[in-house]
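Numbering (this note's numbering), first residue to last: 651 to 1163. Worksheet: one structure, shown below.
Here you go:
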């Protein structure tokens, strides 16, 4: 009897399951419509482009979820029995019979089941549970259509507001640094030009052109919207100009010619001071010694030998393109050959002028090299983004009212627990200063002087090695500045302390018991 009852309820329950699935599907469509409209309005307002997979997922998530709920959430027999009783007005006969079917059999139960089965024979499932869409289905469909339109409708292209990118901060800092450091070098070059009377016109013109170009390029880099590539190109151009002008001055060849001249002059006693100074490269002293020359007394053999050596130096200088120096050497050779009437003194003074001119050329070349190094550092600053922010240890000689108030920035750790167990060691022995002892002198003024000299030599050696690393090693531009800062930080800053006079210090004594 129970199986017959369940079989009669099965068609009604199946139609109820179908109606529930349809309603779940439309509920998912409605949820999709609401979410899609909200997201679509935001997309149109903000002008956002959504990827196609995201749009498809939003539009299909609601219906798929509703279909899954309608499929896997099953309807029960009690609902089907209640629907039959409600439609045909059976006053819970079917519900009661279903409840009695799950209980032990009895006459009352059998009578109730028989009565319910007599009514279920005429049940029409289509009439009990009609299959029809929810009343709000047009709203759900229209909402999904509107959401689809808002999500896939092409956006109106915005007018592009293209413009050059602003100058990076590290480029701005590099330009300011270049202006500050190059200004001092350019000022010295201008002073060198004003003090030079005998320089070639083309050399003076080249220096003036270089100074003006550097100023113009620095102003161009200081303008807005300067890129890193443009800054590097301008720095490379200025560096190439400085190198070309320094090569044109050729101070190394001039030093070699003057050293050879010094060798020739040092062989003669009256010119020995000037000759040795030229050999050592002390051009200032050599110029002063040459200016002191007046009439000299030489034996015919000495005069002939010196004249011959000077003629050789004159020819070498002329072949090297050092015309003014060659003429001055030739004038001195003629004066030594002719002698008298102050010719040697005049020739010496003229040669001293050429030596002073060589001094100015060397200083100019050194300034150009410094300017070139400055531009190279600028290129490093362009590529290392300003470098690491480190604080170099410095000593201030100016008074301050805030001494002792600096902080390290370190956070305080956990306080020591006073109640913890501490390792205490009891020292035993007889207190007092009695007993045998030996006195040994551990330092003397001579030992301190020796240590100071050795330390100074090591300092100079380390300084040269640090500079050699930067010049010899193939260090990338971005790392060159970092390496230089590292050597500067580990280098002692009190180099001038070696020049201080020794102060009397008491001897340190240690006692050994």
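For each residue, glycine too, the CB sits at the ideal point set by N, CA and C.
What residue does the alpha helix (DSSP H) around residue i start on, and which one ends it?
{"i": "residue 680", "result": "652-696"}
{"i": "residue 720", "result": "702-722"}
{"i": "residue 891", "result": "878-899"}
{"i": "residue 787", "result": "787-802"}
{"i": "residue 776", "result": "775-778"}
CB residue i to CB residue j, shorter than 8 angstroms?
{"i": "residue 678", "j": "residue 706", "result": "no"}
{"i": "residue 993", "j": "residue 904", "result": "no"}
{"i": "residue 708", "j": "residue 729", "result": "no"}
{"i": "residue 670", "j": "residue 787", "result": "no"}
{"i": "residue 868", "j": "residue 832", "result": "yes"}
{"i": "residue 665", "j": "residue 781", "result": "yes"}
{"i": "residue 1025", "j": "residue 839", "result": "no"}
{"i": "residue 690", "j": "residue 800", "result": "yes"}
{"i": "residue 835", "j": "residue 1017", "result": "yes"}
{"i": "residue 1008", "j": "residue 933", "result": "yes"}
{"i": "residue 910", "j": "residue 963", "result": "yes"}
{"i": "residue 731", "j": "residue 748", "result": "yes"}
{"i": "residue 760", "j": "residue 652", "result": "no"}
{"i": "residue 854", "j": "residue 843", "result": "yes"}
{"i": "residue 790", "j": "residue 683", "result": "yes"}
{"i": "residue 817", "j": "residue 876", "result": "yes"}
{"i": "residue 1027", "j": "residue 1131", "result": "yes"}
{"i": "residue 916", "j": "residue 925", "result": "yes"}
{"i": "residue 907", "j": "residue 967", "result": "yes"}
{"i": "residue 658", "j": "residue 773", "result": "yes"}
{"i": "residue 755", "j": "residue 655", "result": "no"}
So for residue i, helix, strand or coil by DSSP?
{"i": "residue 931", "result": "coil"}
{"i": "residue 958", "result": "helix"}
{"i": "residue 725", "result": "coil"}
{"i": "residue 920", "result": "helix"}
{"i": "residue 815", "result": "coil"}
{"i": "residue 1131", "result": "helix"}
{"i": "residue 783", "result": "coil"}
{"i": "residue 943", "result": "coil"}
{"i": "residue 991", "result": "For residue 991, the predicted structure reports a pLDDT of 49, less than 50, and the residue's modelled location is therefore unreliable. A value from the coordinates is still provided. Here residue 991 sits in coil by DSSP."}
{"i": "residue 1014", "result": "helix"}
{"i": "residue 1117", "result": "helix"}
{"i": "residue 913", "result": "helix"}
{"i": "residue 1065", "result": "coil"}
{"i": "residue 953", "result": "helix"}
{"i": "residue 1078", "result": "coil"}
{"i": "residue 1000", "result": "helix"}
{"i": "residue 970", "result": "coil"}
{"i": "residue 964", "result": "helix"}
{"i": "residue 828", "result": "helix"}
So is the beta-carbon of residue i under 7 angstroms away from any non-hydrogen atom of the ligand COA?
{"i": "residue 904", "result": "The model on display carries no ligand, and the ligand COA is accordingly not part of it."}
Identify which residue in the options has its Cα closest to the Cα of residue i.
{"i": "residue 928", "options": "934, 912, 921, 758", "result": "912"}
{"i": "residue 713", "options": "794, 747, 694, 662", "result": "794"}
{"i": "residue 1000", "options": "746, 694, 977", "result": "977"}
{"i": "residue 957", "options": "939, 936, 921, 935", "result": "921"}
{"i": "residue 954", "options": "938, 934, 982", "result": "982"}
{"i": "residue 1022", "options": "768, 889, 767", "result": "889"}
{"i": "residue 1005", "options": "755, 746, 940", "result": "940"}
{"i": "residue 734", "options": "778, 973, 830, 914", "result": "778"}
{"i": "residue 879", "options": "914, 1032, 761", "result": "1032"}
{"i": "residue 743", "options": "771, 763, 752", "result": "763"}
{"i": "residue 1014", "options": "667, 785, 895, 803", "result": "895"}
{"i": "residue 784", "options": "718, 898, 863, 674", "result": "674"}
{"i": "residue 866", "options": "900, 901, 893, 828", "result": "828"}
{"i": "residue 864", "options": "969, 1109, 925, 825", "result": "825"}
{"i": "residue 1030", "options": "858, 823, 965, 681", "result": "823"}
{"i": "residue 797", "options": "1111, 772, 693", "result": "693"}
{"i": "residue 952", "options": "987, 969, 1102", "result": "987"}
{"i": "residue 738", "options": "718, 702, 723, 775", "result": "775"}
Is there a Cβ from chain C that is less than 8 angstroms from the Cβ of residue i?
{"i": "residue 937", "result": "No chain C appears in the structure shown, which is made up of a single protein chain."}
Taking only runs of the beta strand (DSSP E) that begin and end inside the region 729-754, which ones reach a length of at least 3 residues, in chain order? As far as the region 729-754 is concerned, it has no whole beta strand (DSSP E) run of at least 3 residues.
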